[in-house]
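S.K.:
2 protein chains.
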Amino acid sequence: MDIKESTSFIDPFTVELDIEQGVMRDAKNHIVRKASDMRGHYKDAAALDALADRGDPLHYEVFEVPVPEQYGHLQYCISTLQPGLVGEECFMTKGHYHTVIETAEIYLCLRGEGYMLMKTSDGKAAAEKMSRGRMVYVPPYWAHRSVNTGAAEPLVSFCVYPGDAGHNYGDIETEGFPKRVFSRGGEIVIE
Amino acid sequence: MDIKESTSFIDPFTVELDIEQGVMRDAKNHIVRKASDMRGHYKDAAALDALADRGDPLHYEVFEVPVPEQYGHLQYCISTLQPGLVGEECFMTKGHYHTVIETAEIYLCLRGEGYMLMKTSDGKAAAEKMSRGRMVYVPPYWAHRSVNTGAAEPLVSFCVYPGDAGHNYGDIETEGFPKRVFSRGGEIVIE
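Line order of the protein sequences matches chains R and B.
All residue numbers for the first sequence refer to the working numbering, where the first residue is 1 and numbers rise by one.
All residue numbers for the second sequence refer to the working numbering, where the first residue is 1001 and numbers rise by one.
(1) Relative to chain R, which residues along the region 1132-1143 of chain B have a C-beta separation below 8 Å, given in chain order?
(2) Are the CB atoms of P1012/B and V138/R nearer to each other than 8 Å?
(3) Taking the alpha-carbon positions, what's the N249/R to K1043/B distance?
(4) Would you list, in sequence order, the uninterrupted beta strand (DSSP E) runs of no fewer than 3 residues that lie entirely inside the region 121-181 of chain R?
(5) Since G72/R meets chain B, which of its residues come closer than 8 Å, beta carbon to beta carbon?
(6) Quick check on Y1141/B: buried or exposed, where buried means 16 or more other Cβ atoms within 10 Å of its Cβ?
(7) What are the start and end residues of the alpha helix (DSSP H) that includes D1049/B?
(8) K1004/B CB to nearest chain R CB: under 8 Å?
(9) Could you check the C-alpha separation between M1001/B and P1068/B for me, to the nearest Å?
(10) Using 8 Å as the limit for Cβ to Cβ distance, is F1158/B near chain R?
(11) Using a Cβ cut-off of 8 Å, pull out every chain R residue sitting near M1118/B, in sequence order please.
(12) What residue from T174/R, S6/R, N148/R, I172/R has the CA that sits closest to F91/R's CA?
(13) Taking contact to mean 3 or more Cβ pairs, one atom from each stretch, closer than 8 Å, check whether the region 152-171 of chain R and the region 1014-1033 of chain B are in contact.
(14) Based on the DSSP secondary-structure assignment, which residues constitute the bridge partners of M116/R?
(15) Counting only beta-carbon separations shorter than 8 Å, does R184/R have a partner in chain B?
(16) Using three-state DSSP, classify D37/R as helix, strand or coil.
(17) Flag this pair as touching only if the region 1096-1113 of chain B and the region 1046-1059 of chain B have three or more C-beta atom pairs under 8 Å; answer yes or no.
(18) Which whole-angstrom value describes the C-beta separation of S146/R and L81/R, a residue pair presumed to lie in contact below a C-beta threshold of 8 Å?
(19) Can you give me the start and stop residues for the beta strand (DSSP E) that V67/R sits inside?
(20) Considering Q75/R, what are the terminal residues of the beta strand (DSSP E) in which it resides?
(21) Output, in chain order, the set of chain B residues within a Cβ distance shorter than 8 Å of I188/R.
(22) Can you confirm whether the region 57-64 of chain R touches the region 31-43 of chain R when touching is taken to mean that 3 or more C-beta pairs between the two stretches lie within less than 8 Å?
(23) Between D49/R and F177/R, what straight-line distance do the alpha-carbon atoms span, to the nearest angstrom?
(24) With 16 other CB atoms within 10 Å as the buried threshold, where does Y169/R fall?
(25) Is A1165/B buried or exposed, if buried means 16 or more other CB atoms sit within 10 Å of its CB?
(26) Using a Cβ cut-off of 8 Å (strictly closer), state whether V147/R contacts chain B.
(27) If we cut at 8 Å on Cβ distances, does L17/R have a partner in chain B?
(28) Where do the N-terminal and C-terminal ends of the beta strand (DSSP E) with I1106/B fall, by residue?
(29) Identify, in the order they occur along the chain, each residue of the same chain with its Cβ nearer than 6 Å to the Cβ of V62/R, setting aside the five sequence neighbours on each side.
(30) So, at 8 Å on beta carbons, what are the nonlocal neighbours of I188/R in its own chain, with the 5 sequence-adjacent residues on each side left out?
(31) Could you tell me which residues DSSP puts in a beta bridge with Y97/R?
(32) Buried or exposed: which applies to A126/R, given that a residue is buried once 16 or more other Cβ atoms fall within 10 Å of its Cβ?
(33) Is any beta-carbon of chain B found at less than 8 Å from that of L108/R?
(34) Are the C-beta of V67/R and some C-beta of chain B separated by less than 8 Å?
(35) Please state whether DSSP places V1183/B in a helix, a strand or coil.
(36) Buried or exposed: where does S121/R fall if 16 or more other Cβ atoms within 10 Å of its Cβ makes it buried?
Spelled out as structure tokens, the structure:
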């Protein structure tokens, strides 16, 4: 077999998902972000500090069974973002560009309600609503962050992206996103 | 390869899926394969000819909203394979390698029961069971064909693969798959 360049040969396998609850059984990697991991991302830094001091609650988790981080392979995961507020701002993920910036990502929302916020480095911005059954296509070049606008339910998505994409969190720490999502008196506001 | 030059910039969008029934709403492309399109693939060619003559029933459909067929983008679709038999052999898709052979594909089964049959050009073979919530990882280099073993329900999967993967059906028409799936007296047999 002509294995071109550096794409590893592996055997097929299956992973069990609970599509109702949005759970990946037997995930090998489990990434956990708590409130204290989110410093610098919310508008109300004091509210975040207070939250981190009051038990440092879970913010979001990523579950995956890893495959080679190479061109031709596909990374996939379950992303689970808890509901909650930092001041008036809805819980969200850090957000990232891909290291290989010209790579897309597909989010199939399985549970909950929220938004995918997206931006480009040259100033474009977009927001797409997420709810069960909505698939968001995050095209190449777009940084992306998910936001849970629900009162009680986690926002859960099944995600797929190219094996060689990688994650670039640093540029978002510097740039931020042009829009934020708030809950004010029961209304969800993007501004 | 100068990948950056050739990955198109597009805006984000969403697609609505019915995760229970396995339906993509507002799909732009709809590929249809009937019995008569499957000549050469089943063991019992006479049974297939008879089926094609008796109304030429639907075999499988692919629903998609296209994105650029380029490195960095991700193709995705809903694949719907009807139940049925050609002689004793379960209805199946043609099967394909990717044109860029070192590209993977992810199948998340939403409905029905069946198998993903896989093979490599140097003689390896694999079969993974499909049912709601099972995700099959078809690695780079593996040709793949799905088979519906259910009595009445379609086998439906949400599929994602690299934008530049392409489809190579010709090699499967020549090589076939080393294993077939039969229903004999209510038993499913792979041989």
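Where is the CB? At the ideal position from N, CA and C, for every residue including glycine.
Just so you know, these numbers come straight off a predicted model, no measurement behind them.
M.R.: Concretely, from the data shown:
(1) R1132, G1133, R1134, M1135, V1136, Y1137, V1138, P1139, P1140, Y1141, W1142
(2) yes
(3) Here chain R has residues from 1 to 191 only, and residue 249/R is not among them.
(4) 125-131, 134-138, 143-148, 155-162
(5) V1100, E1102, T1103, A1104, P1140, P1162
(6) buried
(7) 1045-1053
(8) Note that K1004/B scores a pLDDT of 49, beneath 50, so its modelled location is shaky; the value from the coordinates is reported in the next line. Chain R, which has a Cβ nearer than 8 Å to the Cβ of K1004/B, makes this yes.
(9) Note that M1001/B scores a pLDDT of 39, beneath 50, so its modelled location is shaky and nothing firm can be said.
(10) yes
(11) P12
(12) N148/R
(13) no
(14) E128/R, S146/R
(15) no
(16) helix
(17) no
(18) 6 Å
(19) Unbroken run through V67/R: none, as it is neither H nor E.
(20) 74-81
(21) None at all; the shortest Cβ gap to chain B is about 17 Å.
(22) yes
(23) 20 Å
(24) exposed
(25) buried
(26) no
(27) yes
(28) 1105-1111
(29) I31, C77, S79
(30) C90, T149, V181, F182
(31) N168/R
(32) buried
(33) yes
(34) yes
(35) According to the sequence shown, residue 1183/B is Ser rather than Val. If DSSP states are grouped into helix, strand and coil, S1183/B belongs with the strands.
(36) exposed
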